Amino acid sequence: MDLGRGPLTVVGAGIAGLACARALREAGRDVEVLDRGRAPGGRLSSRTVRGRPVDLGASYLTAGEGSPFADVVADWVDRGLVRPWTDTFAVVGQDGFRERKSGPQRFGTPGGSRSLAADLASSLTVRPGTTVREVTAGPAVDGRAVPAVAPAMPGPQAARLLDPSGPAGGLAAAETWQPVLAVVLGWTERRWPADLHGAFVHDDPAVEWIADDGDRRGDSAPVLVAHTTAGLAAEHLEDPATAVPAVVAAVRSALGIDEEPAWTEVQRWTFARPTAPREEPFGLVDGIGLCGDGWHAPAKVESAWSSGTALGRALAH
């Protein structure tokens with residue numbers, strides 16, 4: 001592919017977009033990253049709440065043994081950006097604790113997951129606060145010709161930028177995504193088991209997952225983060241705060257907490273996770289590349305990084 005007309009453009013500074021841009025930069029290509037947010041991160045989102053970072057998007061990292069992403073995570077561990085968290089989570093329901101399940105090692109981020117995006121972006125040209133309105137054949141970004149462009153974002157968002165009658169627009173529009181609300185709940189002291197770590201919630205109409213944010217961050221703060229079901233999120237997307245009472249009730253019931261939280265915060269994710277991520281690592285047609293956790297199934301942080309990296313390498317050759 002001829003990449004001679006100025007920088008290749010990545011739209012979206014989440015982990016897939018940043019991984020794509022880094023792969024291009026490592027191949028010696030000129031690349032820029034445009035993002036409408038104030039800072040890189042996407043769904044690697046953490047926000048300072050009551051004086052400490054709280055993860056609101058991806059709950060943890062995993063890395064396949066011997067995979068390229070495992071090397072990235074190992075480097076983050078060495079530099080203190082990531083810490084081993086746990087390989088065991090609880091399973092709870094409306095009636096409380098049911099069992100414990102072990103799985104792969106999960107990693108948390110002491111400084112918040114956005115710190116990983118900042119690290120990936122550190123050697124890149126990232127232009128925050130930049131809203132892209134259209135990506136057209138050629139390709140071009142808002143009428144500016146580029147050698148290639150990678151809208152690195154959930155398909156429904158990419159579809160808004162692309163020509164719906166074009167092949168890339170058709171690929172993006174074919175994706176369906178579910179919403180989630182992330183509700184942060186803070187107490188004055190911890191009121192749940194020290195070895196909770198996190199809990200998958202079964203058979204509850206309000207909540208699917210609860211993370212012990214103080215445990216995964218390592219500061220023991222009395223803070224939980226609950227992710228809602230897609231159904232509850234869809235009902236409350238226009239006014240997410242109205243979902244909080246149902247989430248509080250579900251968390252208290254599942255974990256046996258006898259007191260209301262001292263405070264709550266809520267974050268809306270309209271496009272939180274793909275309903276059926278593709279097996280292919282990315283889509284590339286006519287100089288327009290699509291990547292992220294809607295590709296390279298199953299959907300997780302490692303998949304998004306791998307998808308963006310694979311697309312970047314394909315564009316570089």
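In UniProt numbering, the protein residues as written are 1 to 317. Backbone N, C-alpha and C define an ideal beta-carbon position, used for all residues, glycine too. Here the structure is a predicted model, which means the values were calculated and not measured.
Around the Cβ of residue 1, are there at least 16 other Cβ atoms within 10 angstroms (buried) or fewer (exposed)? Residue confidence is low: residue 1 scores 47 on pLDDT, short of 50, so the model does not pin down where it sits. No coordinate-derived value is stated.
Do the CB positions of residue 254 and residue 96 come within less than 9 Å of each other? The answer is yes: Cβ separation under 9 Å.
Would you kindly work out how many angstroms separate the C-alpha atoms of residue 130 and residue 89, rounded to a whole number? Rounded to whole angstroms, residue 130 to residue 89 spans 39 Å at the Cα level.
Straight-line gap, residue 163 to residue 28 (C-alpha atoms, nearest Å): Within the model, the alpha-carbon separation for residue 163 versus residue 28 is close to 30 Å.
Suppose the cutoff is 8 Å on Cβ atoms and the five residues either side in sequence are ignored; what does the same chain contact list for residue 4 look like? For residue 4, the predicted structure reports a pLDDT of 49, less than 50, and the residue's modelled location is therefore unreliable. The matter cannot be settled from this model.
Check residue 322 in the structure and name its three-state DSSP category. Residue 322 lies beyond the stretch modelled for the chain, which goes from 1 to 317, so this question has no answer here.
To test your reading of the DSSP string, which unbroken alpha helix (DSSP H) runs of 4 or more residues are found completely within the region 162 to 198? Segments of the alpha helix (DSSP H) lying fully in the region 162 to 198: 167 to 173.
Measure the alpha-carbon distance for residue 10 versus residue 126 and round it to whole angstroms. Roughly 9 Å between the two C-alpha positions.
List the DSSP bridge partners of residue 99. Partner(s): 91.
Could you compute how far the alpha carbon of residue 210 sits from the alpha carbon of residue 31? Straight across, the Cα-Cα distance linking residue 210 with residue 31 is about 38 Å.
Among 102, 180 and 19, which one has its Cα closest to the Cα of residue 274? For the residues 102, 180 and 19, the minimum Cα distance to residue 274 belongs to 180.
Through-space distance from residue 251 to residue 198, alpha-carbon basis: Between residue 198 and residue 251, the C-alpha separation is close to 12 Å.
Find the nearest neighbour of residue 82 within the set 111, 100 and 64, judged by alpha-carbon distance. Checking every option, the nearest Cα to that of residue 82 belongs to 111.
Any 3 or more C-beta pairs closer than 8 Å across the region 65 to 82 and the region 149 to 169: When C-beta atoms of the region 65 to 82 are compared with those of the region 149 to 169, fewer than three pairs fall below 8 Å, so the two segments do not count as touching.
Taking Cβ to Cβ, would you say residue 161 is nearer than 9 Å to residue 133? A contact, by the Cβ cut-off of 9 Å.
If you pair each beta-carbon of the region 265 to 280 with each one of the region 294 to 311, do three or more pairs fall below 8 Å? With the cut-off at 8 Å, the region 265 to 280 and the region 294 to 311 touch.
Sub-9 Å separation of residue 301 and residue 266 beta-carbons: The answer is no: Cβ separation not under 9 Å.
For residue 232, name the three-state secondary structure that DSSP assigns. Looking at residue 232 - three-state DSSP - the assignment turns out to be helix.
Going residue by residue through the region 247 to 275, where are the continuous beta strand (DSSP E) segments of at least 3 residues, counting only ones entirely within it? Runs of beta strand (DSSP E) with 3 or more residues, each lying fully within the region 247 to 275, are found at 263 to 274, listed in chain order.
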